[in-house]
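Just below is one structure, and these are the notes that go with it.
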Amino acid sequence: MCLSIPSKIKSIDKESNICTVDTMGIERSASLDLIDQDVKVGDYVLIHIGFAMNKIDEEDAIESLKLYQEIIDKMEEEERQALIQESENCPKS
Amino acid sequence: MQLELKDLYDGFRDAKTIKAYKKIIEEDAKKLNRTINIMEVCGGHTHTIMKYGIPQLLPSNIKFIHGPGCPVCIMPKERIDHAYILSMQDDVILVTLGDMIKVPGSNGSLQDARSKGADVRFVYSPMDCLKIAKENPTKKIIFFAIGFETTTPMTAALLDIVIKQEIKNIFFHINHVTVPEVMRELIDSRDEHVDSYNHNIDAFLGPSHVSVISGSKIYEEFPKNYKKPVVVAGFEPVDVMQAISMIVKQFCEDRCELEIEYKRLVTYEGNIKAQELINKYFQKVCLFKWRGLGNIKDSGLKLKAEYSKYDAEVIYKEILPIEEIEDHKLCICSDILRGMASPTDCTIFGTACKPNKPVGSCMVSSEGACAAYYKYGNLLK
């Protein structure tokens, strides 16, 4: 019921205030009646029961994805260091 | 970096990121010499948590309590009976969303009504009512409206069109409910059972899409007045892991705050246009009965008196019963929804109560805690 999926706006019909969106490769239409910001073709929106609920903030999404990458990079570095330390602690044959 | 749809789908489900957060949470959780019980209020979160096996990724002192946030599950039999009776009227087409059609009332489900000849239709959007109304000018289309703050503005938007376009044959049976009231009820109504079950709500994962509409501001009272941190989280597994990490960090640093993990969609203020539409057409009802939880003060909405000519509950008052119906005696959904028991504690779980023949609210929709345990429960073994 609550699962809503991010979609990309492909076209907007100004008269009916209905847009066509791409959701994981499937095209469908959604009402823009609840959107309080300016939306344009190419924007990402969250669709729920036939309505665009809100625009997805591209900067925030990118920032999150970058943050995740940093965490992974840091982890991998730590993991690498842990490996080196472990091997140094190994009794020399 | 330019954002692609793929980033939104894959990025927030990335296995490496989930593992990285697992490590961060493990390190932080070691600093706590206590257990943290996190309630995910929303059924969408329950689904993600079970689907991606998140409990197994977490250290033993971080636990989930599954909350009452599934609009289909919490619908009491009384309201389903209303829908059933309305659908049985000769000139009525009853329209509703989601799994609502499968939920049993005392006479059966809407699916059963359909098999007896009732015209019951399931739609993906309330807007589909417009087409049905146009194609069936001699029928009364009753939209059986369900859902939390997330779906309320869509019902309001449909009513807005009905009024503006002077459509004469669309009516509403309103069952919209609100989240902060039930959260308050769960915290306030703790009783002596809690100690024996050794459960307690320490923090909340804030519902994602409710918050897109209402803004994070609706949870402000919980850290402030109840000392329960709230982190509004998205539905993807990385969102949930990050939000848990944020909650654990708050406990490590002795903070108690309202934070947003789901910044790409949620703001403090929310969607003002949607809120205005809700406020234009809806008012609070004094008591709304939740399946499994009973009557909760101010937790439901109804149409304002000036729109009563669109209100099926007013129009069909004579034929809609008002008697209360008891929940099934063996069902422990009430305890599960209050965080005092787990689905597997229930004697009828998976036996007399299954997704295709649910007894209690938590088994009713795929987003209910029992249904999620039933579907993904093998992961817990």
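Chains A and B, in that order, are what the protein sequence lines are. Quick note, this note's numbering runs 8 ahead of the 1-based positions in the first sequence. Quick note, this note's numbering runs 17 ahead of the 1-based positions in the second sequence. Quick reminder that beta carbons are idealized off the backbone N, C-alpha and C, glycines included. Remember, predicted model here, so these are calculated numbers, not experimental data.
Taking only beta-carbon positions, decide if A/D41 is within less than 8 Å of chain B.
Looking up residue 41 of chain A in the first sequence gives position 33. It does: the Cβ of A/D41 has a partner Cβ on chain B nearer than 8 Å.
Three-state secondary structure (DSSP) at B/G28?
Here residue 28 of chain B corresponds to residue number 11 of the second sequence, with the count starting at 1. It is helical.
If you draw a straight line from the alpha carbon of B/D177 to that of B/F160, how long is it in whole angstroms?
Along the second sequence, one-based indexing puts residue 177 of chain B at 160. Along the second sequence, one-based indexing puts residue 160 of chain B at 143. Roughly 14 Å between the two C-alpha positions.
What does a CB cutoff of less than 8 Å around B/C146 pick up in its chain, not counting 5 residues either side in sequence?
Within the second sequence, the letter at position 129 stands for residue 146 of chain B. Excluding positions up to five away in sequence, the list reads V112, V140, I158, F160, L175 and I187.
By DSSP, does B/V376 sit in helix, in strand, or in coil?
Here residue 376 of chain B is taken as the residue at index 359 of the second sequence, counted from 1. Note: B/V376 maps to coil in three-state DSSP.
Output the boundary residues of the alpha helix (DSSP H) element that contains B/P240.
Your numbering for residue 240 of chain B matches position 223 in the second sequence. Per DSSP, B/P240 belongs to the alpha helix (DSSP H) from E238 to N242.
From A/F59 to B/A173, what does the alpha carbon distance come to, in whole angstroms?
Within the first sequence, the letter at position 51 stands for residue 59 of chain A. Within the second sequence, the letter at position 156 stands for residue 173 of chain B. Rounded to whole angstroms, A/F59 to B/A173 spans 12 Å at the Cα level.
At least one CB of chain B closer than 8 Å to the CB of A/E85: is that the case?
For the purposes of this step, residue 85 of chain A is taken as residue 77 along the first sequence, with counting starting at 1. It does not; no Cβ of chain B falls within 8 Å.
Quick check: B/F189 and B/D328, are their CB atoms within less than 8 Å of each other?
Taking the first residue of the second sequence as position 1, residue 189 of chain B is located at position 172. Taking the first residue of the second sequence as position 1, residue 328 of chain B is located at position 311. Contact: yes.
Assess, as a yes-or-no matter, whether the segment 386-393 of chain B is touched by the segment 351-363 of chain B under the definition of 3 or more beta carbon pairs within less than 8 Å.
In short, these stretches touch, since the Cβ pair count reaches three.
Give me the residue from B/F268, B/Y279, B/V196 and B/S126 with the minimum Cα distance to B/E238.
Numbered from 1 along the second sequence, position 221 holds the residue referred to as residue 238 of chain B. Closest option to B/E238, Cα to Cα, is B/V196.
Using a Cβ-Cβ distance cut-off of 8 Å, determine whether A/E35 contacts chain B.
Reading the first sequence from its first residue, position 27 is the one you call residue 35 of chain A. Not an interface residue.
For chain A, is any of its Cβ atoms less than 8 Å away from the one on B/K321?
The residue given as residue 321 of chain B occupies position 304 in the second sequence. It does not; no Cβ of chain A falls within 8 Å.
Given a cut-off of 8 Å on the beta-carbon distance, is the pair B/P76 and B/A46 in contact?
Locating residue 76 of chain B in the second sequence gives position 59, where the first residue counts as 1. Locating residue 46 of chain B in the second sequence gives position 29, where the first residue counts as 1. In contact: B/P76 and B/A46 (Cβ atoms closer than 8 Å).
Alpha carbon to alpha carbon, how far is B/S231 from B/I289? Give it in angstroms, no decimals.
Along the second sequence, one-based indexing puts residue 289 of chain B at 272. Along the second sequence, one-based indexing puts residue 231 of chain B at 214. If I take the Cα positions, the gap works out to 8 Å.
My output table needs one value for B/N296: the three-state DSSP class, helix, strand or coil.
What you label residue 296 of chain B is simply residue 279 of the second sequence in a count that begins at 1. It is helical.
Scan the segment 48-62 of chain A for residues whose Cβ lies nearer than 9 Å to a Cβ of chain B and list them as they occur along the chain.
Those residues of the segment 48-62 of chain A that come within reach of chain B (Cβ to Cβ, closer than 9 Å) are Y52, L54, H56, I57, G58, F59, M61 and N62.
In angstroms, rounded to a whole number, what distance separates the CA positions of B/C87 and B/V194?
For the purposes of this step, residue 87 of chain B is taken as residue 70 along the second sequence, with counting starting at 1. For the purposes of this step, residue 194 of chain B is taken as residue 177 along the second sequence, with counting starting at 1. The alpha-carbon atoms of B/C87 and B/V194 are separated by roughly 10 Å.
Going by C-alpha distance, which of B/V247, B/F299 and B/K80 is nearest B/L275?
As a working note, residue 275 of chain B is residue 258 in the second sequence. It is B/V247 whose Cα lies nearest to the Cα of B/L275.
Contact between the segment 67-86 of chain A and the segment 262-282 of chain B: three or more CB pairs below 8 Å?
Touching, yes, given that three or more Cβ pairs across the two stretches are closer than 8 Å.
Using a Cβ-Cβ cut-off of 7 Å (strictly less than) and excluding sequence neighbours within five positions of B/I332, which residues of its own chain qualify?
By 1-based counting over the second sequence, the position of residue 332 of chain B is 315. Taken in chain order, the residues that qualify are F188.
Going along the chain, which residues of the segment 254-265 of chain B sit with their C-beta nearer than 7 Å to a C-beta in chain A?
From the segment 254-265 of chain B, only V255 have a Cβ closer than 7 Å to chain A.
Judging by CA-CA distance, which residue of A/S15, A/E87, A/R36 and A/L75 is the nearest neighbour of B/S142?
Stepping through the second sequence from its first residue, residue 142 of chain B is reached at position 125. For B/S142, the nearest C-alpha among the options comes from A/R36.
Does any CB atom of chain A fall closer than 8 Å to the CB of B/N373?
Position 356 of the second sequence holds residue 373 of chain B. Not closer than 8 Å to any Cβ of chain A, the Cβ of B/N373 fails to qualify, so no.
Exposed or buried, B/L127, counting other C-beta atoms within 10 Å across all chains shown (16 or more means buried)?
Position 110 of the second sequence, counted from the first residue, corresponds to residue 127 of chain B. So B/L127 counts as buried.
Take A/S19 as the anchor and find which of A/G50, A/L42 and A/Q45 has the nearest alpha-carbon.
Indexing the first sequence from 1 puts residue 19 of chain A at position 11. With distances taken between Cα atoms, A/S19 lies closest to A/G50.
By the criterion of Cβ-Cβ separation under 8 Å, what are the contact partners of B/L22 in chain A?
Mapped onto the second sequence, residue 22 of chain B falls at position 5. Result: P14, S15, K16, D30, M32 and Y52.
If you measure from the beta carbon of B/H99 to each beta carbon in chain A, is any gap under 8 Å?
The residue you call residue 99 of chain B lines up with position 82 of the second sequence. Output row for B/H99: interface = no.
Using 8 Å for Cβ pairs, my map puts B/S378 next to B/G309. What's the rounded Cβ distance?
The residue you call residue 378 of chain B lines up with position 361 of the second sequence. The residue you call residue 309 of chain B lines up with position 292 of the second sequence. Correct: roughly 4 Å between the Cβ atoms.
Which residues, in order along the segment 276-290 of chain B, keep a beta-carbon less than 7 Å from a beta-carbon of chain E?
Reference to chain E is not applicable here, since the protein chains of this structure are A and B.
Going along chain B in order, which residues have a C-beta closer than 7 Å to the C-beta of A/E66?
Against the first sequence, residue 66 of chain A aligns to sequence position 58. Residues of chain B passing the Cβ test: L20.
Rounding to the nearest angstrom, what Cα-Cα distance links A/V47 and B/I41 in this structure?
Numbered from its first residue, the first sequence carries residue 47 of chain A at position 39. Numbered from its first residue, the second sequence carries residue 41 of chain B at position 24. When rounded, the distance between both Cα atoms is 37 Å.
On the three-state DSSP scale, how would you describe B/S382?
Walking along the second sequence from the start, residue 382 of chain B turns up at place 365. DSSP places B/S382 in coil when its eight states are reduced to three.
Measuring only between beta-carbons, confirm whether B/G28 sits less than 8 Å from chain A.
Numbered from 1 along the second sequence, position 11 holds the residue referred to as residue 28 of chain B. B/G28 counts as touching chain A.
Among residues of its own chain, excluding the 5 on either side of B/K156, which ones have a beta-carbon nearer than 6 Å to its beta-carbon?
For the purposes of this step, residue 156 of chain B is identified with residue 139 of the second sequence, where counting begins at 1. Result list for B/K156: D108 and I110, in chain order.
Could you tell me the alpha carbon to alpha carbon distance between B/C348 and B/I365, rounded to whole angstroms?
Position 331 of the second sequence, counted from the first residue, corresponds to residue 348 of chain B. Position 348 of the second sequence, counted from the first residue, corresponds to residue 365 of chain B. About 7 Å.
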